[in-house]
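Here the sequence shown stands for residues 39 to 451, numbered as in the working numbering. In what follows, a structure is listed as structure tokens, so that the remarks can point back to it.
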Amino acid sequence: MISLTRISRFFRHAGRQIWFRAAVISATSVVIAALAGIVARAIPYEFTGDVGQSAVGKILEIIASSMLAVTTFSMTAMVSAYSSATQLATPRATQLMISDRTSQNALSTFLGSFIFAVVGIIGLQTHLYGGQGRVVLLLATIILIVLVEVTLLRWIAHLAAFGWMADVIDRVENAACAAMSAFARNPYDGARPAIAVPASAMAICSIDIGYVTHIDAEALALLAQKHDLAIHVEVLTGTLVHPNRPLLRIVGDASSDPVRKALANAFTAERHRRFDHDPRLGVIALGKIAGRALAPATNDPGTAIEVVNALFRVLSLLPADAPPSDADRPPVYMARPSADELVRGGFVPIIREGAGEEEVVIRTRKVLDALGKALPHGAETTQSLSDALRRNVERNIKDDRALLRALEIQFRF
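This is the structure in structure tokens:
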């Protein structure tokens, strides 16, 4: 049984892959170039004049040679940007760079133009096109040149910031905000809040070893209603699972192998975590970027301050802890990431590495104070982190009594 959620997720994931977009545009180019001669036969008007159709072969040769070089250059620029993001920020940001639509569109357009030109040249050499076909091919080539020109201008402008630290931080923040907003709209993914699991509940474990990247709550709800089950989900998105760790526990008759297999298939486990349904990954990645920026080898407090601001925007989207009504929800019980876990995931690396940087300490303290007021359910966590920040500051600048007193007065440590 494959739910619509799983199907839509498959196509959404495939659409972010560079090979998918390149394959679609390349196939379209082949079809357009190959059908130019057939379409020309359906045109009732006979082109008797010379509108430049005799030069279409030379134009296509120029396009083929230039687009191959541009495609190679684009791939080199993209790989350099991926490497820069991995070294300067965090390897977790690479998946966001790879799914960048502007770079994918540019590379796919250049590759599609090259293939269109090659197929057009083959058609001309094999006399696939008549007089009418050459005119149609010329018109298609002119449209292609305009498209390539626009794409090339956008690609040049995009390269000015692609892979820079600010660009990477923005991408991670946007991905984290999207995941957090989806989490805020539906914290339990349509299920009920977790409750105590009966001792008689049967555990179903994962077959694979990997991180949970998606939980198909819709499929679990259908199975619970169809087989009269109560399902207790034991993992969160982003949890590392293995054959000895239960994915869920069920109360009811689930002795049938197909039912147990269907329940296990509702969980997607992959080798690497993804940002889509994992609000924890976004804040962890931001924290890692700040921690690396504050390392002695880098010593970039400005980047850490930018990350602290980004964390403030992301964590401000956290939903309240108020549980939803269970009246219309299926008997599927699911936990949710706590505010404590999310806030600590982003700020612990900054507090650990940045206590020796005065400007980072000031901004972190201000943001923690603001988060404590904006998130009443996270006030205890932010206060605990502020206390940890104070202790680290005292250890790092214990010889600078004047600075320590200034910080104490300013933030009332």
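Glycine is no exception: its CB is placed at the ideal position from the N, C-alpha and C atoms.
State buried or exposed for Ser424, treating a residue as buried only when at least 16 other CB atoms are found within 10 Å of its CB. What you label residue 424 is simply residue 386 of the sequence shown in a count that begins at 1. Buried.
Determine the DSSP secondary structure at Phe58, reduced to helix, strand or coil. Here the question's residue 58 lines up with position 20 in the sequence shown. Reduced to three states, the DSSP call for Phe58 is helix.
Tell me which same chain residues have a C-beta within less than 7 Å of the C-beta of Lys299, skipping the five on either side of it? Start at 1 with the first residue of the sequence shown, and residue 299 comes out as number 261. Counting only Cβ-Cβ distances below 7 Å, and skipping sequence neighbours, we find nothing.
Pick out the complete beta strand (DSSP E) segments inside the stretch 339-396, 3 residues or longer, and give them in chain order. 370-372
Do Gly201 and Met135 have their C-beta atoms within less than 8 Å of each other? To locate residue 201, count along the sequence shown from 1; it is residue 163. To locate residue 135, count along the sequence shown from 1; it is residue 97. In this structure, Met135 lies closer than 8 Å to Gly201 by Cβ.
Residues bridged to Glu308 by DSSP? To locate residue 308, count along the sequence shown from 1; it is residue 270. Per DSSP, Tyr249.
If you reduce the DSSP assignment to three classes, tell me which class Pro129 lands in. Numbered from its first residue, the sequence shown carries residue 129 at position 91. Of the three classes helix, strand and coil, the one that applies to Pro129 here is helix, per DSSP.
Tell me the rounded alpha-carbon separation between Ala220 and Asp359. Locating residue 220 in the sequence shown gives position 182, counting from the first residue. Locating residue 359 in the sequence shown gives position 321, counting from the first residue. About 15 Å.
Endpoints, the beta strand (DSSP E) within which Ala268 is located: Mapped onto the sequence shown, residue 268 falls at position 230. Segment 268-271, the beta strand (DSSP E) holding Ala268.
Test item: CB-CB of Val279 and Ala257 under 8 Å: Counted from its first residue, the sequence shown places residue 279 at position 241. Counted from its first residue, the sequence shown places residue 257 at position 219. No; because the gap between Cβ atoms is not below 8 Å, this pair is not in contact.
Residue environment, Ala335, which counts as buried when at least 16 other CB atoms sit within 10 Å: As a first step, residue 335 must be located in the sequence shown, where it is residue number 297. Exposed.
I'd like the list of long-range same chain contacts for Phe152, defined as Cβ closer than 8 Å, with 5 residues on each side in sequence excluded. Walking along the sequence shown from the start, residue 152 turns up at place 114. For Phe152, where only same-chain residues beyond five positions count, the Cβ hits under 8 Å are Ile101, Ala102, Met105, Leu106, Thr109.
Range covered by the alpha helix (DSSP H) that runs through Val157: As a position in the sequence shown, residue 157 is number 119, starting the count at 1. Run containing Val157: 139-163, per the alpha helix (DSSP H) assignment.
Simplified DSSP assignment, three categories, for Val297: The residue you call residue 297 lines up with position 259 of the sequence shown. Three-state DSSP puts Val297 in a helix.
Can you tell me whether Val69 is buried or exposed? The criterion is at least 16 other CB atoms within 10 Å of its CB, across all chains shown. As a first step, residue 69 is located in the sequence shown; it is residue number 31 there, counting from the start. It counts as exposed.
Reduced DSSP secondary structure (H/G/I, E/B, other) of Phe451: On the sequence shown, residue 451 is found 413 positions in, with the first residue counted as 1. Because Phe451 carries a pLDDT of 47, less than 50, the predicted location of this residue cannot be relied on, and no value is offered for it.
Chain-order list of residues whose beta-carbon lies under 6 Å from that of Thr277 (same chain, five-residue window excluded): Reading the sequence shown from its first residue, position 239 is the one you call residue 277. Correct list, in chain order: Val250.
Apart from the five residues just before and just after Leu175, which ones in its own chain have a Cβ nearer than 7 Å to its Cβ? As a working note, residue 175 is residue 137 in the sequence shown. Only Ala74, Val94, Gly158, Tyr167 meet the Cβ criterion.
Is Arg287 helix, strand or coil by DSSP? Counting from one through the sequence shown, the residue named residue 287 turns up at place 249. In this structure, Arg287 counts as strand in the three-state DSSP scheme.
Reduced DSSP secondary structure (H/G/I, E/B, other) of Asn434: Counted from its first residue, the sequence shown places residue 434 at position 396. Helix.
Could you spell out where the alpha helix (DSSP H) holding Ala220 opens and where it closes? Locating residue 220 in the sequence shown gives position 182, where the first residue counts as 1. Where Ala220 is concerned, the enclosing alpha helix (DSSP H) stretches over 203-223.
If you draw a straight line from the alpha carbon of Ala72 to that of Gly161, how long is it in whole angstroms? Here residue 72 is taken as the residue at index 34 of the sequence shown, counted from 1. Here residue 161 is taken as the residue at index 123 of the sequence shown, counted from 1. In a straight line, the C-alpha of Ala72 is about 7 Å away from that of Gly161.
Looking only at its chain, what residues have a beta carbon closer than 6 Å to the beta carbon of Glu391, apart from the 5 residues adjacent to it on each side? Locating residue 391 in the sequence shown gives position 353, counting from the first residue. Cβ within range, chain order: Gly329, Leu332.
C-alpha distance - Ala241 paired with Ile288, whole-angstrom precision: As a first step, residue 241 is located in the sequence shown; it is residue number 203 there, counting from the start. As a first step, residue 288 is located in the sequence shown; it is residue number 250 there, counting from the start. One C-alpha to the other measures close to 7 Å.
Tell me, please, which residues DSSP counts as bridged to Ile242. Indexing the sequence shown from 1 puts residue 242 at position 204. In DSSP, Ile242 forms a bridge with Leu286.
When the Cα atoms are used, what is the spatial distance from Val345 to Tyr371? For the purposes of this step, residue 345 is taken as residue 307 along the sequence shown, with counting starting at 1. For the purposes of this step, residue 371 is taken as residue 333 along the sequence shown, with counting starting at 1. Approximately 34 Å, taken between the alpha carbons.
My output table needs one value for Leu191: the three-state DSSP class, helix, strand or coil. Within the sequence shown, residue 191 is the residue found at index 153, counting from 1. Reduced to three states, the DSSP call for Leu191 is helix.
Can you tell me whether Thr164 is buried or exposed? The criterion is at least 16 other CB atoms within 10 Å of its CB, across all chains shown. Residue mapping note: residue 164 aligns to position 126 of the sequence shown, counting from 1. By the neighbour-count rule (16 or more Cβ atoms within 10 Å), Thr164 is not buried but exposed.
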